[in-house]
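Contents: one structure, followed by commentary.
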Amino acid sequence: KYKKYRKKKMSLVNVTSVKVFKNPTEITDPFEFEISFECLQNLEEDLEWKIVYISCAESKDMDQELDCIALGPITRGALKFIFKAPSPDFTKIPPEDIHGMAVVLILGSYRNEEFIRIGYYVHNVYTDPLLEDNPPDIPILDKLQRIILSESPRLTRFNIGWDTKQEDQNLSSCCDEDQINSQKSSNNDSQDSINSQISSNSSPKPSQISNLNSQKLSSSQGPTSQSSNPNNNENLDANMSTISSN
């Protein structure tokens, strides 16, 4: 029983929605996201969040970490925060990789272990159709616009070790409950037959369905972070599309 549960660790933090603000915007403007998540229990340490900009898929050395924050203390419940990061340093990007397609990643980690990665394609285009059709060899930054494809995120989750001590207590509790249920099962046959007769004369109870995306998350009691309240309220919730699960 113990090994069975150990193989199926539940993530203690589940991202429920992401909003992208100021989209589209100028290529030199900061990135701004609102990240909502649910935490299943109080965490012993802070969560770490990063925003990474990928301009060249062939070279990881070209990746730029735009910002990194520690978020805490994290308590059980629904939380949200605003994550702002500056635009990348375009002097460190080859000119041919500035215009066109790029990727921005939101990375969530706990105890130096990444548990979630949310990626968006970024399209850097010229607002002038003539420049877009015939882009110059040296990009003109003040004429480039950044468009984040916010409706098509790519989500990857990773299994990690969370708070081991509390997890072990939960596992022990699960095993004890299984043993109790096993001992009681032999005494429940007659009761099951009675319940079966009763259920035939009564309507079944409706199942309880929890829709996290429809909950109104309040940040007034949330963890502290470097954030500010956005003025733009016309941003779409990101529909998370899982592409892999480890």
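First residue of the sequence shown? That's 237 in my numbering, and the numbers climb one at a time after it.
Built from N, CA and C at the ideal position, the CB exists for glycine as well.
Quick check: I374 and P330, are their CB atoms within less than 8 Å of each other? no
The stretch 318-326 contacting the stretch 301-309, beta-carbon criterion three pairs below 8 Å: yes
Contact the stretch 286-301 vs the stretch 246-255: 3+ CB pairs below 8 Å: no
Determine the direct distance from the alpha carbon of I376 to that of L248, and round the result to whole angstroms. 45 Å
Quick one: grab the DSSP three-state call for F394. coil
With a threshold of 16 other CB atoms inside 10 Å of the CB of L366, please say whether the residue is buried or exposed. exposed
In whole angstroms, what is the alpha-carbon distance linking F319 and I384? 15 Å
Candidates D399, D282, N360: which alpha carbon is nearest E262's? N360
Between K258 and L343, what straight-line distance do the alpha-carbon atoms span, to the nearest angstrom? 20 Å
Check whether chain C comes within 8 Å of L276, counting only Cβ atoms and requiring the distance to be less than that. The structure shown has no chain C; it contains just one protein chain.
Report the residue ranges of all beta strand (DSSP E) runs contained in full by the stretch 301-336; include only those spanning at least 3 residues, in chain order. 313-321
How is K379 classed by DSSP in three states: helix, strand or coil? helix
Considering only residues of the same chain and omitting the five flanking positions on each side of E280, which have a CB-CB separation below 6 Å? D399
Output the residue ranges of the beta strand (DSSP E) runs that lie fully inside the stretch 241-274 and measure 3 residues or longer, sorted by chain position. 249-256
Check L276 in the structure and name its three-state DSSP category. coil
For E349, the nearest candidate out of F269, L283, S272 (CA to CA): L283
Measuring only the C-alpha atoms, how far is D378 from S386? 23 Å
In angstroms with no decimal places, state the Cα-to-Cα distance between P260 and Q381. 7 Å
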